[in-house]
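**Q** Handing you a structure now.
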Amino acid sequence: QVTVVGSSNVDITALMDRLPAPGETVLADSYQLTPGGKGANQALAAALAGARTEFIGAVGQDPNAQIALEQLDAAGVQLGRVARVPENTGVAIIQVDAGAENCIAVVPGANASVDAAAVKAAGELHGILVLQGEIPASGIGAAIDAAAERVVLNLAPVIELERRYLLAANPLVANEHEAALILAQLDGADQPVDEPEEAIAAKLLAHGIASVVITLGANGCLVAEGGTVQQLPAVKVKAVDTTGAGDAFTGALAARLAAGDTLVQAAGFAGKFAALTVQGHGAQASYPRSVDNL
Ligand code: ADP
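UniProt numbering puts the sequence shown at residues 9 to 302.
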């Protein structure tokens with residue numbers, strides 16, 4: 009069992025030749041409404057990677073709520089403890105130009121209600137717990153306090169968490185940029201230091217985190233535990249859109265940990281799963297519906 013406590017959004021993506029300047033209006037060619045949010049993306053990936061998965065979060069009572077959850081529902085993710093709150097479902101308003109440059113505003117909406125009180129009200133959390141940084145820190149802390157098994161913490165975006173909650177991660181999953189910010193937080197430093205990822209991973213372990221996975225895009229990932237750091241190469245593929253690749257990786261990793269894999273085995277599988285997703289457009293839409301060949 010995998011339980012994801014986190015965010016769900018609707019991504020409103022408009023495609024245009026060039027992004028508008030402040031105060032300017034440009035005509036866009038088209039737009040799409042697609043389900044997103046790191047929590048929902050990771051829950052979908054965990055389910056598609058074979059784990060019995062529950063998603064706990066919050067949506068509004070607006071029409072976007074249905075769009076936010078439809079892929080999860082179709083994949084059999086348990087949604088019985090998703091709260092329906094007065095705030096609107098979270099949205100990400102995304103503008104993309106012809107060169108794939110983007111400009112994004114995220115409105116947390118209902119996701120901001122997933123705080124300590126809401127998580128405590130949800131009750132017992134079963135199996136491996138997966139968390140991200142798109143709900144309030146108090147909700148993340150309460151979920152860690154209620155965790156039944158190991159906690160996969162993908163603190164993206166990086167927000168301030170109490171030290172004991174950072175140290176509860178096993179593994180901490182972060183990209184290079186996030187890993188440096190989390191290390192700075194543990195060091196009590198204002199600015200992240202520019203260091204090789206291996207050194208960052210080793211220092212995170214030295215702070216007392218049991219295991220760390222640093223994702224490196226097309227360069228694969230680093231897996232650090234027990235004082236050793238090893239690099240797993242990525243699968244060589246032609247990437248067309250890496251949106252949601254990190255979420256696919258984290259969800260698939262959690263699913264394999266739930267199935268009994270070692271961290272290195274689970275990260276190897278997650279890399280193959282994520283490599284499939286970068287070959288298709290979108291986040292959830294690009295996730296493989298079958299993992300029989302992985
Ligand atoms: P994020 O999007 O969170 O920054 P990354 O870009 O590090 O995350 O990607 C997460 C994982 O997805 C990587 O560790 C890798 O396994 C896979 N991945 C990402 N980009 C590629 C790529 N171009 N080719 C193959 N695998 C990729």
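From the three backbone atoms N, C-alpha and C, an ideal C-beta is built for every residue, glycine too.
No experiment lies behind these values; they were computed from the predicted model shown.
Quick check on this structure: which residue in G135, Q193, H215 has the alpha carbon closest to the alpha carbon of V10?
**A** Within the sequence shown, residue 10 is the residue found at index 2, counting from 1. If we check each option's Cα against that of V10, G135 comes out closest.
**Q** Please enumerate, following chain order, all residues with a beta carbon closer than 6 Å to at least one heavy atom belonging to the ligand ADP.
**A** Residues flagged by the Cβ proximity filter: N183, T223, L224, G225, A226, G228, C229, A242, V243, V245, A247, T250, A253, G254, F257, G279, A282, A283, V286.
**Q** Excluding the 5 residues flanking A54 on each side, which residues of the same chain have their C-beta closer than 6 Å to its C-beta?
**A** By one-based count along the sequence shown, residue 54 stands at place 46. V10, T61, G259, A262, A263, listed in sequence order.
**Q** Less than 7 Å between C-beta atoms, sequence neighbours within five positions excluded: which residues of the same chain meet that for V231?
**A** Residue 231 sits at position 223 when you count from the first residue of the sequence shown. Around V231: V221, Q238, L240, L271, V272, A275.
**Q** Closest to P71 by CA distance: which of T42, E184, A156 is it?
**A** Counted from its first residue, the sequence shown places residue 71 at position 63. Selected option, being the one with the closest Cα: T42.
**Q** Judging by CA-CA distance, which residue of L191, E205, V159 is the nearest neighbour of Q199?
**A** Counting from 1 along the sequence shown, the entry for residue 199 is found at position 191. Comparing Cα-Cα distances from Q199 to each of L191, E205, V159, the minimum goes to L191.
**Q** Which one or two residues does DSSP pair with T42 in a beta bridge?
**A** Residue 42 sits at position 34 when you count from the first residue of the sequence shown. According to DSSP, T42 bridges with D19.
**Q** Go ahead and label S38 buried or exposed: buried means 16 or more other beta carbons lie within 10 angstroms of its beta carbon, across all protein chains shown.
**A** Counting from 1 along the sequence shown, the entry for residue 38 is found at position 30. Burial call: exposed.
**Q** Measuring straight from C-alpha to C-alpha, what distance separates K246 and G254?
**A** Looking up residue 246 in the sequence shown gives position 238. Looking up residue 254 in the sequence shown gives position 246. About 17 Å.
**Q** Of all the options R26, G58, A164, which has the alpha carbon lying nearest to the alpha carbon of S298?
**A** The count along the sequence shown starts at 1 and reaches residue 298 at position 290. Considering only alpha carbons, the answer is G58.
**Q** Classify C111: buried if its beta carbon has 16 or more other beta carbons within 10 angstroms, exposed otherwise.
**A** Against the sequence shown, residue 111 aligns to sequence position 103. C111 should be labelled exposed.
**Q** Curious, which full-length beta strand (DSSP E) runs of at least 3 residues does the stretch 150-234 contain?
**A** List check, beta strand (DSSP E) in window: 159-162, 177-183, 219-223, 229-233.
**Q** First and last residue of the beta strand (DSSP E) that includes N96?
**A** The residue labelled residue 96 in the question sits at position 88 within the sequence shown. Unbroken run through N96: none, as it is neither H nor E.
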